[in-house]
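J.:
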Amino acid sequence: MPGETYIVDQSGKRDRKMTKADRNLETGFDFEPRSYEITQEKINIYSRYVFHGKDTKNIHTDDETARRAGLPRAVAQGRYPIGYLSEVLLDFFGRGWVQGGKLEVSLIKGIYPGDTITIKGKIRDKVHEGNTIRIVLDVWIENQMKEKTTVGTASGLVDDGGERTPEG
Amino acid sequence: MKKKLSYQNIEVGEELGKKEVLITDEMIRACADAIETKHPWYFEDSPFGGRIAPPTIFDNDTLRMLDENYDRFGSIHTRQVWEFKNPAKLGKRITLNARIIDKYIKRGRGYVTMELAAIDEDGLEICRGRHTSLISLEKGTGK
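From first to last, the protein sequence lines stand for chains A and B.
Residue numbers 4 to 171, in our numbering, belong to the letters of the first sequence in order.
Residue numbers 136 to 278, in our numbering, belong to the letters of the second sequence in order.
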């Protein structure tokens, strides 16, 4: 239903809820972390999508090709951390992500088949922007070894509830 | 004929082209499946009036447009910036423009940054992204 936020866990059930971004959330607030398992099968399916349904040997699907590129083995596409992050932030901000969301991340470590990655975020700032408040978060992704693989910031808009800055 | 993708061959300011994309049910489902979401805004209805695509639906188009100009062995996505302005709605035609905005060497390896802008058929800005990839996969060669 429009306006509601459902969280879909990996079994496809709509039973996980996430705190919704709100002007009353304080800096330092951590949103609920969410984990995903990365498998070679998922990587291959995504590669097929990218290459218009074709199976190809590339650094994501083939260990030998990845080694020729200086990687230890086939590595997940960068799209995974970015796509997963965006989905978590959509669930957090709702329409304030679709209209006003900003994401800036560095992919600092590869994600490999067999990894379990966890998306995390913490509010670092709240800034008035017109009749809205932009909530700014530090966001990052950790693998199962607690190593950060992706780091950066994200922000989205929430209604300011009538609060106005002295100028506004 | 395509140029080989190398640090030397990349030209900052180069337009990678323009392409039109129709947002279809198949596209939305494929993208949503890949990032494991069944968000109702993608499959049922949204507050924007009708179904929308995941905001990162154009995540691959920057590289696809690079590949139309360059022969790429492989590259590693190292940085991404996205600004989401409006939803990409099912059935809308979206025009994508991509260009190379920077290249640099870091720790002996070459990187390229590309910018993608998406505007729908009504002139509404959908999103703007900057994608940085490591393109010199052999350290120190600049190739």
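The C-beta atom is built at its ideal place from N, Cα and C for all residues, glycine as well.
Just confirm the distance between the C-beta atoms of I114 of chain A and A79 of chain A, as a whole number of angstroms; I'd bet it's less than 8 angstroms.
T.: Your numbering for residue 114 of chain A matches position 111 in the first sequence. Your numbering for residue 79 of chain A matches position 76 in the first sequence. I114 of chain A to A79 of chain A, Cβ: 4 angstroms. Contact.
J.: Cβ closer than 8 angstroms: which chain A residues qualify as neighbours of T191 of chain B?
T.: Counting from one through the second sequence, the residue named residue 191 of chain B turns up at place 56. Ordered by position in chain A, the residues that pass the 8 angstroms Cβ test against T191 of chain B are R82, I85, G86, S89.
J.: So, at 7 angstroms on beta carbons, what are the nonlocal neighbours of T8 of chain A in its own chain, with the 5 sequence-adjacent residues on each side left out?
T.: Counting from 1 along the first sequence, the entry for residue 8 of chain A is found at position 5. Note that T8 of chain A scores 42 on pLDDT, short of 50, meaning its location in the model is unreliable and no value can be drawn from it.
J.: From B:R265, B:A233, B:T248, B:S210, pick the residue whose C-alpha is nearest to that of K139 of chain B; which is it?
T.: As a working mapping, residue 139 of chain B is identified with position 4 in the second sequence. Residue B:S210 is the option with its Cα nearest to K139 of chain B.
J.: Taking the alpha helix (DSSP H) that G124 of chain A falls in, what are its first and last residues?
T.: Residue mapping note: residue 124 of chain A aligns to position 121 of the first sequence, counting from 1. Looking at the DSSP string, G124 of chain A is not in any alpha helix (DSSP H); the run it does join, the beta strand (DSSP E), is 119-132.
J.: Which term fits A77 of chain A, buried or exposed, when burial requires 16 or more other beta carbons within 10 angstroms of its beta carbon?
T.: Position 74 of the first sequence, counted from the first residue, corresponds to residue 77 of chain A. It is buried - the Cβ of A77 of chain A has at least 16 other Cβ atoms within 10 Å.
J.: Pick from A:E132, A:K112, A:L140: whose alpha carbon is nearest that of M148 of chain A?
T.: As a first step, residue 148 of chain A must be located in the first sequence, where it is residue number 145. It is A:K112 whose Cα lies nearest to the Cα of M148 of chain A.
J.: Under the DSSP definition of a beta bridge, which residues are partnered with D255 of chain B?
T.: By 1-based counting over the second sequence, the position of residue 255 of chain B is 120. Answer is B:I229, bridged to D255 of chain B.
J.: Please classify E150 of chain B: does DSSP put it in a helix, a strand, or coil?
T.: Translated into the one-based positions of the second sequence, residue 150 of chain B becomes position 15. The answer is strand: DSSP assigns E150 of chain B an E or B state.
J.: Using the Cβ count rule (16 or more neighbours within 10 Å means buried), how would you classify Q215 of chain B?
T.: Counted from its first residue, the second sequence places residue 215 of chain B at position 80. Buried, since its Cβ has 16 or more Cβ neighbours within 10 Å.
J.: If you measure beta-carbon to beta-carbon, which residues of the stretch 213-226 of chain B are closer than 7 angstroms to chain A?
T.: From the stretch 213-226 of chain B, only T213, R214, Q215, V216, W217, E218, F219, K220, N221, P222 have a Cβ closer than 7 angstroms to chain A.
J.: Please determine if the stretch 140-147 of chain A and the stretch 119-127 of chain A are in contact, where contact requires at least 3 C-beta pairs separated by less than 8 angstroms.
T.: Judged by Cβ distances under 8 angstroms, the stretch 140-147 of chain A makes contact with the stretch 119-127 of chain A, as three or more pairs qualify.
J.: Using a C-beta cutoff of 8 angstroms, does Y9 of chain A count as contacting chain B?
T.: Working through the first sequence from its first residue, we reach residue 9 of chain A at position 6. Annotation note: pLDDT 43 at Y9 of chain A (below 50); position unreliable, no value reported.
J.: So which residues on chain B does R138 of chain A lean against when the C-beta distance must stay under 8 angstroms?
T.: Your numbering for residue 138 of chain A matches position 135 in the first sequence. Correcting the residue identity first, residue 138 of chain A is Ile in this sequence and not Arg. Here the premise fails: no neighbours, minimum Cβ distance about 15 angstroms.
J.: If you pair each beta-carbon of the stretch 192-209 of chain B with each one of the stretch 258-270 of chain B, do three or more pairs fall below 8 angstroms?
T.: Short answer: they touch.
J.: Which residues does DSSP pair with K105 of chain A in a beta bridge?
T.: Here the question's residue 105 of chain A lines up with position 102 in the first sequence. A:S158, B:E218.
J.: Determine the contact status of K224 of chain B and F183 of chain B, defining contact as a CB-CB distance below 8 angstroms.
T.: As a position in the second sequence, residue 224 of chain B is number 89, starting the count at 1. As a position in the second sequence, residue 183 of chain B is number 48, starting the count at 1. Result yes, Cβ atoms of K224 of chain B and F183 of chain B sit closer than 8 angstroms.
J.: Which residue's Cα is closest to the Cα of E155 of chain B: B:Y142, B:A169, B:A252, B:F219?
T.: For the purposes of this step, residue 155 of chain B is taken as the residue at position 20 of the second sequence. Cα-wise, what sits closest to E155 of chain B is B:A252.
J.: Is any beta-carbon of chain B found at less than 8 angstroms from that of I62 of chain A?
T.: Translated into positions along the first sequence, residue 62 of chain A becomes position 59. Closer than 8 angstroms to some Cβ of chain B, the Cβ of I62 of chain A qualifies, so yes.
J.: Rounded to whole angstroms, what's the CA-CA distance from G104 of chain A to A169 of chain B? Just pull it up for me.
T.: Locating residue 104 of chain A in the first sequence gives position 101, where the first residue counts as 1. Locating residue 169 of chain B in the second sequence gives position 34, where the first residue counts as 1. Rounded to whole angstroms, G104 of chain A to A169 of chain B spans 21 angstroms at the Cα level.
J.: Mind checking which residues open and close the alpha helix (DSSP H) that includes Y49 of chain A?
T.: Within the first sequence, residue 49 of chain A is the residue found at index 46, counting from 1. 43-53 is the extent of the alpha helix (DSSP H) around Y49 of chain A.
J.: For V101 of chain A, is the classification buried or exposed, using 16 other Cβ atoms within 10 angstroms of its Cβ as the cut-off for buried?
T.: As a working mapping, residue 101 of chain A is identified with position 98 in the first sequence. By the neighbour-count rule (16 or more Cβ atoms within 10 Å), V101 of chain A is buried.
J.: Can you name the residues of chain B whose CB is closer than 8 angstroms to the CB of G103 of chain A?
T.: The count along the first sequence starts at 1 and reaches residue 103 of chain A at position 100. What G103 of chain A touches in chain B: F219, K220.
J.: Just the C-alpha distance for V247 of chain B and S109 of chain A, rounded to the nearest angstrom, thanks.
T.: Working through the second sequence from its first residue, we reach residue 247 of chain B at position 112. Working through the first sequence from its first residue, we reach residue 109 of chain A at position 106. Each residue's alpha carbon lies about 14 angstroms from the other.
J.: DSSP has R76 of chain A in a bridge; who is on the other side?
T.: Working through the first sequence from its first residue, we reach residue 76 of chain A at position 73. Answer is none; R76 of chain A lacks a bridge partner.
J.: Helix, strand or coil: how does DSSP classify L28 of chain A here?
T.: Here residue 28 of chain A refers to the residue found at position 25 of the first sequence. It is coil, neither helix nor strand.
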